[in-house]
Each structure stands twice: as C-alpha cells, then as structure tokens.
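Below you'll find the structure, written out as structure tokens, and then a few comments.
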Amino acid sequence: MQISLKGQVALVTGASSGLGAAAAKGLADSGAAVVVNFHSQAGPAEKLVDEIRAAGGQAIAVGADVSKEKEVEQLFEKTIEAFGRLDILLANSGLQQDAAVDQMTLEQWNTVINVNLTGQFLCARAALRQFATQEIRPDISRALGKIIHMSSVHQVIPWAGHVNYAASKGGVDLLMRSIAQEVGERRIRVNSIAPGAIRTAINTKATSGDAENKLLKLIPYGRVGEPEDVANAVVWLASDASDYIHGATLFIDGGMSLYPGFRDNG
Ligand code: BGC
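Just so we're aligned, residue 555 is where the sequence shown starts under the numbering used here, counting upward by one.
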C-alpha cells in the first residue's frame, strides 16, 4: 500500500531528536509539510528541517515548551501562519526524571507530569480548536484531523523508580480515549502509539553492552526497536489507511507488554 500525506500539514512536538525526529522525517517523506517543534535544541531541529527541504519536502522549526499554555498557542499560530492549516498532530514531547519514589522531589514529579501529560492536553486542545475552523478536504483525507499521542508500554507496565513517568503515560491513555470518545463524531481520529525499548538517546544506557542483553530478556521478538519502527506506524496512523482506527493504542514494543517473565511458566 502506498501512503501519501500530500497536501497535509503535520505538527510534531519534541521533534529535534529521537522518536519525534524520526516521525517528522517519515511524515515529510510521505508528503506532509512538517512543523518540527523543539524545546531547547534549535540546532538539531534546524538541521532536520534542512534535511527535509534538501529531500524536496516542506518544513519549519518552531521552539516552544509544550507545558506552557502561551507557548503552545504561539506554536499553533506559527504553524497556521506558515502552512495555513493543520491535519496531523503528533503529541510526542516527553521526558524522564527518575528517582526512587521515596526520594522523588515534587519538582521531578511536576516536571514529568507537566510535559508528558499536561503538554499533551494543551497540544490536543489547540489542535481541536484549529480543526474546528477547518472543513474536511476529501481530496487529502477522509478525516477532519488526526491526533496521535505518544504514550509508552508504561501506560500498562508499572515501572519502579519511574512512578512519575508511568503515571503520566497511564494518564495519556485515558486522556486519549476520553478525547476520542468526545470528538469522534466530528470526524477527528485520536489514537496513541506505545513504544517499548527503542534505540534513542533516552535509552543509550539501557541499549548498550551488558544492559542490552538484560533488556532483550524483556523483548520476546528479540531485538531493540529502531526509531523507524515507530515512525512507520506514525505515518500509517496519520493516513487514511487506518481511517477506521479510533481510540486505539498501538503497541510497538516487540512484545514487551506480553509479560515475557511468564515465558518459562512464571
Ligand atoms: C521509556 C524507555 C524504556 C521503555 C521500555 C519507554 O517509554 O522512555 O526509557 O526503555 O519505555 O521500558
């Protein structure tokens, strides 16, 4: 199946590195004009924009902290200024601040919840407000708009030492499904992607040397994921090839969420 996102505009938050960067590239390769949002890494974001343009695509880089209401509003204003509409939001920005639960500071808790959960709410709300000003364009998509939330296997797998992160992703699940229930009849599709262990900077330690062998015990499919594994799914979920998929979470985890500890009978 050939997927074309030609004529569509995609906004990817946290796109200066990791999964966001790979997804932005994938969306652009499929024909979408892409807004590459970054928090602090303007350099890598600009570099990605240059790469997309060199390959014949359209992209701009826009800085914004997704946990700040005003900055999110400005991010969407700049998107519309540059490309005139919005079709796809990938709410991807996320971070980890790990600590044992009894050592975790309120600041570590708040930082992770603010970016990973409140940031996704603010971006989804801004996208919905923008979609409300647009009409369906059947020549480019059957949907009025598509929102994809970046979740994690930790929306279902508890994670000791990371309670802020797991709580934020558990929150993303019900945020996504509640929004999907609320706005589906407007022909807005809302879904999540839940990656497992993917080879990105957030995972450098966990995916090298001995740590990688330990990690592989948790992955029935027997390999660490690559950013492109996730980017391909983002492109598909953003396209009409998945037009009847709504309120779903797509786990891209090589089976990490299959309780592999039970392979040998528990
Ligand atoms: C985290 C990674 C982790 C993976 C599986 C992801 O959501 O960001 O650091 O390796 O879950 O545990």
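C-beta atoms are modelled at their ideal positions from N, C-alpha and C, and glycine is treated no differently.
What you are looking at is a predicted structure, and each value in this text was computed from that prediction instead of being measured.
- If you compare the alpha carbons of Ala-755, Ala-654, Gly-611, Val-563 with that of Gly-648, the shortest gap goes to Ala-755.
- Classified as buried, Pro-749 has 16 or more neighbouring CB atoms from the shown chains inside 10 Å of its CB.
- Excluding its 5 nearest sequence neighbours in each direction, Arg-741 has C-beta neighbours in its own chain below 7 Å: Ile-690, Ala-697, Leu-698, listed in chain order.
- For Pro-774, no beta strand (DSSP E) encloses it, and the DSSP letter there is neither H nor E.
- At least one heavy atom of the ligand BGC is found less than 8 Å from the C-beta of Tyr-719.
- When C-beta atoms of the region 713–729 are compared with those of the region 780–793, fewer than three pairs fall below 8 Å, so the two segments do not count as touching.
- DSSP places Lys-579 inside the alpha helix (DSSP H), whose first and last residues are 572–583.
- If you ignore the 5 residues before and after Ala-654, its C-beta comes within less than 7 Å of the C-beta of Gly-715, all in its own chain and listed in chain order.
- CA-CA distance, Leu-671 to Trp-663, rounds to 11 Å.
- Placement of the Cβ of Ala-653 at a distance of 8 Å or more from every heavy atom of the ligand BGC is found.
- Between the ligand BGC and Trp-663, a heavy atom-to-CB distance of less than 8 Å is absent.
- Judged by beta-carbon spacing, Leu-791 lies beyond the 9 Å limit of Ile-733, meaning their Cβ atoms are not closer than that value.
- For Asn-767, the CB stays at least 8 Å from every heavy atom of the ligand BGC.
- In terms of CA proximity to Ala-680, Lys-700 leads the group Lys-700, Ile-694, Gln-595, Asp-693.
- For Leu-640, the three-state secondary structure derived from DSSP is coil.
- Ranking Ala-686, Ile-557, Arg-743, Lys-579 by CA distance to the CA of Ala-802 puts Arg-743 first.
- The beta-carbon distance between Lys-632 and Val-616, rounded to whole angstroms, is 5 Å. This is short enough to meet the 8 Å contact definition.
- Look at Gly-648 here: in three-state DSSP terms it is coil, with no helix or strand label.
- Proximity of the region 577–591 to the region 609–627 meets the contact definition, three or more beta-carbon pairs being nearer than 8 Å.
- Distances taken from the Cβ of Ser-706 to the heavy atoms of the ligand BGC include one shorter than 8 Å.
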